[in-house]
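Chains as they are written, first to last, in the numbering used here: chain A, -4 to 203; chain B, -4 to 203; chain C, -4 to 203; chain D, -4 to 203.
Just so it is clear, CB atoms sit at the ideal spot from N, CA and C, and this is done for glycine as well.
None of these values were measured; they are calculated from a predicted model.
These notes are about the structure you will find just below.
4 protein chains.
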Amino acid sequence: MQESTSNSSIKDVTLVKKRRNEIIQSAITLFKQKGFHRTTTREIAKEAGFSIGTLYEYIRKKEDVLILVYESINDHVYQHMATLTKKDDPILDDLILIIDSYYRFIDDLQDEVLILYQEIKSLDKTVKRKVFQTEREQVLMLKRTIMAASPREMTTEEADILANNIFVQGHMWGFRRWLLQKDYTIDQYIAMQTKLLLQTIQYSATEI
Amino acid sequence: MQESTSNSSIKDVTLVKKRRNEIIQSAITLFKQKGFHRTTTREIAKEAGFSIGTLYEYIRKKEDVLILVYESINDHVYQHMATLTKKDDPILDDLILIIDSYYRFIDDLQDEVLILYQEIKSLDKTVKRKVFQTEREQVLMLKRTIMAASPREMTTEEADILANNIFVQGHMWGFRRWLLQKDYTIDQYIAMQTKLLLQTIQYSATEI
Amino acid sequence: MQESTSNSSIKDVTLVKKRRNEIIQSAITLFKQKGFHRTTTREIAKEAGFSIGTLYEYIRKKEDVLILVYESINDHVYQHMATLTKKDDPILDDLILIIDSYYRFIDDLQDEVLILYQEIKSLDKTVKRKVFQTEREQVLMLKRTIMAASPREMTTEEADILANNIFVQGHMWGFRRWLLQKDYTIDQYIAMQTKLLLQTIQYSATEI
Amino acid sequence: MQESTSNSSIKDVTLVKKRRNEIIQSAITLFKQKGFHRTTTREIAKEAGFSIGTLYEYIRKKEDVLILVYESINDHVYQHMATLTKKDDPILDDLILIIDSYYRFIDDLQDEVLILYQEIKSLDKTVKRKVFQTEREQVLMLKRTIMAASPREMTTEEADILANNIFVQGHMWGFRRWLLQKDYTIDQYIAMQTKLLLQTIQYSATEI
DNA sequence: CATGAATGAGCGTTCATTCAT
DNA sequence: CATGAATGAACGCTCATTCAT
């Protein structure tokens, strides 16, 4: 999935991978604190432990750092969702576990998800589209699991909106903290959202 | 509610109000297009129709513009929610109308809401807290309406999570467009989310 | 003739003219010493007596300075040639005076002409073409005068090559100094070149 | 003639010669396209087929490349002129052939001569003087031939200025292309300049 | 001898902010 | 009150040069 900013003046491929990971980690640390625009390339280099010149041996423009960061976080989240939903004939208990695991995963990655949301406008169109596509695929995986795990017949539209809601409510836990994390622990939040979901799934669709 | 960046070298209070509104409108126009960081103070002044010198008679720093914009959008959204939920003994149909009106309102203000989400990290702590507080109050108003309108007994936690979900799912319509607006019209989205809510509300809480 | 880099963020037109002249004079001083590439924008600003920020209120890019310098020198030289050759029915003595005046003028502008020759490759295509055109026009004016002043019939090709030679031999005095200024004073150089020209002009063209 | 930047960390003399020639050819190729300042040392090394580290085994500074190039072109042009003018008792026809051959030679080396003219300011004083000296010697050889070949008595000053004119008019063909190569082919240019020269040489010097 | 990753001084350029008019 | 010319710190980025391997 990840191919990224391919061009680098450095020939040693494993070194490129290593250095770019250092760049990504440093950038995430700084972007969490001050965002992309308030972080300077010199700060990224310093945090990564090398000089500004070295930084530019591994990227072409500052925006490339943002792209690397996006691809990294995006990949990370995507891989997790793919692993969670890869089971062939999921039952309701599987779905419950998936949601639990997904929400706890996002809880760990709160700041990274915040970055995804806040700097997307600064991204190049191509990368933006790629990020969007990855998100759509995650929702799709969730939707398939929901339909398979549901004890009752369910329209594809209904499953779709449920998948979207679960997906974004995960993100919401991270980036609307002040709204939620004062009143709930992650356990409570998961319990509440799961309960709501189950009510919906088990409710006979004909009754409305 | 709005008092903000009180310091201005200008004495005429109505003039200050007028000029600041011009600044806010110009800034929103520009922030929608290029975001806060890519918009220059010169551009804001030009868009507002006066000189850079004049701009600085009504603000102290560029960040003040962001604060003015935040307070304005925040006020706007808050006022709408307050109006929607001010009815004394709401029934279920009132709640349905409120959600409908709220989602359509957010649909109109998509770009403004995007600004709220994207530049919040750049804000001063005090202002940030104020923005958070306003959001909490909106959720609170929604929660009260849900509890009052619900045909069955409902725990305060259940109403709270429902209110939060509705609130953020409104925002989500705007800032996760690529995920939703390809597959749904605003009418369909409202219909789906309302249906889900009603299933939940009408479902007997004891059955789980 | 001169219109140049028209765009400036400064509104006061006479101030723009004044500042740009200061930029041109400073740049010429520095380009004489170290050439365009070795001169920094900060040096140009400092030499002109203002800050780097102010410099960039009057130009958009460093290359604009080179363009301004080119247009200025070019204009200057062109105007001189135009004035020299504007007489209606020149006789041989007029031509001799023109050459004398032209060579002395170039002698004064030695360093400026050197700049014209040495940085032309760095110029934008449009400006380059304009410079070339101005040179062609100067040669044309010289050619017309030669034909009019010649005591004998002369083909247009002959006059053309003579005009070209005079024109470039003027420049040559300036930028091939080491070749000439060790052996000749400007007076001697003019005398020699004039003598050669007269020999050619007076020689009956049929005899070859 | 060529000894140049003697300092190299490499001991094998023939290897040094080989590598430096590769450097010179690569540099000339690149300087023709983008000039000295816009060409990077990395590009020179790459074009020459070795690494940047290796390049710096054979030069000390980037300017050394310019020196090598200058010496090479200069040598080349000098050798040609020396060969052309080595005949012992030249007659007028020899002179005509020399000029023809010289102009055609310069025509082939147009871009190289342009380099000579455009970057001379960047050169170290010692090298500059050497280049100048080489040029003076070329003019001198031409001058001797003119005097020997002339059918009439000629003052040394007259021969000197003629030699200078021929020499620079050759260069002029190359670096003032736009002025000449629109209107003349190289054949026509040579014919015209030769005709002018012959008129001058054959004209009885006493008649003025 | 050859390599190429690392360095950092220094470049061109921007733009928030000031202040004399 | 309004103006806009002036400022300079600070940014993103380049590239000649070095040196460990």
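Residue of the options minimising C-alpha distance to residue i
i: A:Asp89; options: A:Trp173, A:Met142, A:Asn159 and A:Arg131; result: A:Met142
i: C:Arg55; options: C:Ile5, C:Lys41 and C:Lys27; result: C:Ile5
i: A:Leu50; options: A:Met76, A:Glu17, A:Thr78 and A:Gln74; result: A:Glu17
i: B:Ser96; options: B:Lys57, B:Arg172, B:Thr36 and B:Leu137; result: B:Leu137
i: C:Gln197; options: C:Thr129, C:Phe162 and C:Arg147; result: C:Arg147
i: B:Tyr73; options: B:Asp182, B:Asp178 and B:Phe162; result: B:Phe162
i: C:Tyr184; options: C:Ile94, C:Ser21, C:Leu118 and C:Arg124; result: C:Ile94
i: A:Glu107; options: A:Ala43, A:Trp173, A:Asn160 and A:Ser21; result: A:Ser21
i: D:Gly30; options: D:Tyr53, D:Glu58, D:Lys13 and D:Leu191; result: D:Glu58
i: A:Thr150; options: B:Leu191, B:Asp70, B:Arg14 and B:Arg171; result: B:Leu191
i: A:Ile19; options: A:Ala158, A:Val134 and A:Thr36; result: A:Thr36
i: D:His71; options: D:Thr129, D:Ala43 and D:Tyr53; result: D:Thr129
i: A:Arg171; options: B:Thr121, B:Leu174, B:Gln176 and B:Met167; result: B:Met167
i: D:Lys82; options: D:Ser117, D:Ala144 and D:His32; result: D:Ala144
i: A:Ile23; options: A:Ala43, A:Asp84, A:Ile181 and A:Val122; result: A:Ala43
i: D:Lys177; options: C:Ile181, C:Lys177, C:Thr195 and C:Arg131; result: C:Arg131
i: C:Lys120; options: D:Trp173, D:Thr121 and D:Arg14; result: D:Trp173
i: C:Ile175; options: D:Tyr179, D:Leu92, D:Gln105 and D:Asn160; result: Reading off the sequence, residue 175 of chain C comes out as Leu, not Ile. Checked all of D:Tyr179, D:Leu92, D:Gln105 and D:Asn160; the closest Cα to C:Leu175 is D:Asn160.
i: C:Thr180; options: C:Asp7, C:His32, C:Tyr98 and C:Arg124; result: C:Tyr98
i: B:Gln204; options: B:Arg14, B:Phe26 and B:Arg15; result: The requested residue 204 of chain B is not part of the displayed model; chain B covers only -4 to 203.
Residue interval of the alpha helix (DSSP H) (run including residue i)
i: D:Phe26; result: Val8 to Arg33
i: B:Ser67; result: Lys57 to Leu79
i: B:Leu191; result: Ile181 to Gln197
i: B:Lys116; result: Note, B:Lys116: premise wrong, no alpha helix (DSSP H); not H, not E.
i: C:Gly48; result: Ile47 to Tyr53
Beta-carbon gap between residue i and residue j smaller than 8 Å
i: B:Gln113; j: A:Gln164; result: no
i: B:Ile110; j: B:Ile62; result: no
i: A:Val126; j: A:Tyr65; result: yes
i: B:Gly169; j: B:Asp102; result: yes
i: C:Val60; j: C:Ile39; result: yes
i: D:Ile156; j: C:Met187; result: yes
i: B:Thr78; j: B:Arg139; result: no
i: B:His208; j: B:Phe45; result: Nothing about residue 208 of chain B can be reported from this structure: the residues present for chain B run from -4 to 203 only.
i: B:Val134; j: B:Ala154; result: no
i: A:Ser117; j: A:Tyr53; result: no
i: A:Thr189; j: A:Ile91; result: yes
i: A:Thr195; j: B:Gln194; result: yes
Which of helix, strand or coil DSSP assigns to residue i
i: B:Glu148; result: coil
i: A:Ile86; result: coil
i: D:Gln(-3); result: Residue placement at D:Gln(-3) is flagged as unreliable, the pLDDT there being 46, under the threshold of 50; a coordinate-derived value is accordingly withheld.
i: B:Ser4; result: coil
i: C:Leu104; result: coil
i: D:Arg139; result: helix
i: A:Ala200; result: Since pLDDT at A:Ala200 reaches only 45, below the 50 mark, its modelled position is unreliable, and no value is offered.
>> My parser needs the alpha helix (DSSP H) runs of 4 or more residues fully inside the stretch 155 to 183 of chain C; what are they?
In response: 172 to 175
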